[in-house]
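Here the sequence shown stands for residues 920 to 1212, numbered as in our numbering. C-beta: ideal position from N, C-alpha, C; glycine also. Every value quoted in this text rests on a predicted model; they were computed, and no experiment measured them.
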Amino acid sequence: MRDRTIDRRGFLASAGALAAASALGAGGTAAAAAAEPPWRKAYMLGQTKGPILPTFQMLKEAGFEGVELISPNQLDQKEVLAARDETGLVIHGVSGAAHWGKPLSDPDPAVVAEGVAAIKQEFQDVKAYGGTTVLVVPAVVTRKVSYRQAWDRSQEQIRKLIPHAEEAGVKIAVEEVWNKFLLSPLEFAQYIDEFQSPTVGAYFDVGNVVEYGYPEEWIRTLGKRILKVHIKEYAKPKRFSYKLGEGGEIDWPAVKQALLDVGYEGWISAELGIADLAEAQDVVARMNRLLFD
C-alpha cells in the first residue's frame, strides 16, 4: 500500500458487477457459470474530505459494487452510512491511516500505543460501516528496528488486538508494502500462521511484490490466507504509474489463474488515481479484460 491520498478532482471509477448466475439462462450451462470469477470490483478511496455522497454516487454510477475507506478519517460517520444506504455501495473494509507513522514495531512504547489505539478505532469504524477487514501494515524495518524486532514486536501487538477484532466481528488483513518486511511469500505465510488464528490473514497487493517476485507465486503460496486483494500495475522506471495491463511487468493471465486455483472469493480493489469518469470507465474495462471476463 502506498500513500493513499488521492486527487479529489477525480476519485473513482468503474463498472461491472459479478454475474456468475447469469450463465445459467437460456443456452447457458453450469460449467459456464462456474467459469465466472467469484470476485467483486471495488475502489480504494484515499483520504478525503467533504460530502461523501457525491463520491459514492459517482462510484455507483461508474459500476463499482464496493469501496474501501481510510480509517481513522475526517468523514462524518452518519453521512458515510447515509451515503452507503442511499447508493447501495458496499463498504467492504478500511485501510489503516496511522500504521506508517505509528508502527507496531516502533521502539517507543508511546508510539506503539498510539498505533494500537488507531487500529482499535479502525475496528469500530469498519464494524459501523458493515465491512469485514482492517488492512494493517504490521511493521517497518529501519536502521533502528531490525527485522527480528519488527517481527516479534508486531506479532506481540497483533496478538493483543485479536480479541478486539473478534469482538467487532472483523478480521486483521496484513499487507506487505515496501516496508523492508515480509519479503517473500514463504515468510508472509509463516508470519500469518504463527498467530494460529482465523482472525488474521493476508491483504495481497498484486503490484507491491513485482519489485522482487512474481505475484502468481505469492498467491499460490498464500492460498486461503488471502482475505482481500489490491491491484495496480507495476514496472520500472515509473513503478505504479502505468495503466492496468499496459506497459507493466505483471502477467495478468497467470495472476487470474492463480486466484482461481487457490479458490479466492471476495473483493478485488483497484488502488489507482483516477482523474475523471472516462478514466474510471477505462479502469473498469481493464479490470474486466484482465480478471473478470
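Continuous alpha helix (DSSP H) stretch holding residue i: start and end
i: Thr-1006; result: 996 to 1006
i: Arg-1139; result: 1134 to 1141
i: Tyr-1110; result: 1104 to 1112
i: Leu-1179; result: 1171 to 1180
i: Ala-981; result: 972 to 981
First through last residue of the beta strand (DSSP E) which encompasses residue i
i: Tyr-1122; result: 1119 to 1124
i: Trp-1019; result: Trp-1019 -> no beta strand (DSSP E), and no H or E assigned at all.
i: Gly-1034; result: Not the beta strand (DSSP E): Gly-1034 falls in the alpha helix (DSSP H), residues 1028 to 1048.
i: Gly-1088; result: Per DSSP, Gly-1088 belongs to no beta strand (DSSP E) and is neither H nor E.
i: Gly-985; result: 985 to 990
i: Thr-1052; result: 1052 to 1055
Helix, strand or coil at residue i [DSSP, three-state]
i: Gly-1192; result: coil
i: Asn-1207; result: helix
i: Ile-1081; result: helix
i: Leu-964; result: coil
i: Asp-1212; result: coil
i: Trp-1070; result: helix
i: Val-1064; result: coil
i: Val-1202; result: helix
i: Ala-1058; result: coil
i: Ala-942; result: Its pLDDT being 37, under 50, Ala-942 is placed unreliably by the model, and the measurement read from it follows with that caveat. Three-state result, Ala-942: helix.
From the options, residue whose alpha carbon lies closest to that of residue i
i: Leu-964; options: Glu-1094, Leu-978, Leu-1146; result: Leu-978
i: Val-1099; options: Met-1206, Val-1060, Ala-1173; result: Just to set this straight, residue 1099 is Lys in the shown sequence, not Val. The residue with the shortest Cα to Cα distance from Lys-1099 is Val-1060.
i: Ala-1002; options: Gln-976, Trp-1019, Ala-1017, Pro-991; result: Gln-976
i: Ile-1193; options: Val-1202, Gly-1185, Asp-1170; result: Val-1202
i: Val-1034; options: Lys-1021, Val-1045, Pro-1028; result: The question names Val, yet the displayed sequence has Gly at residue 1034. For the residues Lys-1021, Val-1045, Pro-1028, the minimum Cα distance to Gly-1034 belongs to Lys-1021.
i: Leu-1054; options: Gly-1012, Thr-1140, Asp-995, Thr-1118; result: Gly-1012
i: His-1083; options: Ala-1036, Leu-1023, Arg-1062, Glu-955; result: Ala-1036
i: Gln-1074; options: Gly-982, Ile-1091, Glu-1085, Ala-1199; result: Ile-1091
i: Ala-1177; options: Gln-1200, Thr-1140, Gly-1167; result: Thr-1140
i: Phe-1042; options: Leu-1080, Ala-1121, Pro-1134, Glu-1130; result: Leu-1080
i: Asp-1044; options: Tyr-1131, Leu-1191, Leu-988, Ile-1111; result: Leu-988
i: Arg-1078; options: Ile-971, Gly-1120, Trp-1186; result: Gly-1120
i: Ala-1199; options: Lys-968, Phe-983, Pro-957, Gly-1185; result: Phe-983
i: Ala-967; options: Gln-993, Lys-1175, Arg-1067; result: First, the residue type needs correcting, since residue 967 is Thr and not Ala in the sequence shown. The shortest Cα separation from Thr-967 among Gln-993, Lys-1175, Arg-1067 belongs to Gln-993.
i: Lys-997; options: Glu-1168, Tyr-1048, Asp-1071, Leu-1179; result: Tyr-1048
i: Asn-1207; options: Ala-1173, Glu-980, Gly-1164; result: Gly-1164
i: Ser-1188; options: Val-1174, Ile-1169, Ile-1150; result: Ile-1150
i: Gly-1132; options: Arg-1144, Glu-1113, Phe-1107; result: Phe-1107
i: Leu-1179; options: Pro-970, Asp-1212, Lys-1155, Ala-1154; result: Asp-1212
Residues bridged to residue i [DSSP beta-bridge criterion]
i: Lys-1147; result: Tyr-1122
i: Val-1009; result: Gly-985
i: Ser-1014; result: Ile-989, Leu-1054
i: Trp-1186; result: Arg-959
i: Ala-1197; result: Ala-1197 pairs with nothing; no bridge assigned.
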